[in-house]
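>
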Ligand SMILES: [Zn+2]
């Protein structure tokens, strides 16, 4: 679908110039969130693991519940 791809590219450009990203699915701002989760290592110690996720209405409940 060449037309669809062209539209997506144009949209990506527009949102990058505005400095924020809108989710095309739920139409809310996609925020970068930093998640800290403990991960058990082989040495049987807990080490914090840092992750950056993009969060919007589509997945914020899952992120807050620790599912993602
Ligand atoms: Zn969304």
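In the numbering used here, the protein residues as written are 767 to 834.
Every residue gets a Cβ at the ideal spot worked out from N, C-alpha and C, and that includes glycine.
1. Rounded to whole angstroms, what is the Cα-Cα separation between residue 821 and residue 827?
2. Could you check where the alpha helix (DSSP H) with residue 829 kicks off and where it finishes?
3. Is any heavy atom in ligand 1 found nearer than 7 Å to the beta carbon of residue 833?
4. Pairing CB atoms from the region 805-812 with CB atoms from the region 784-791, are three or more of them under 8 Å?
5. Using the Cα positions of residue 812 and residue 819, report the straight-line distance between them to the nearest angstrom.
Based on what the coordinates show:
1. CA-CA distance, residue 821 to residue 827, rounds to 9 Å.
2. Segment 826-830, the alpha helix (DSSP H) holding residue 829.
3. False, no ligand heavy atom lies under 7 Å from that Cβ.
4. Counting Cβ pairs under 8 Å, fewer than three are found: no touch.
5. CA-to-CA, the gap between residue 812 and residue 819 works out to about 21 Å.
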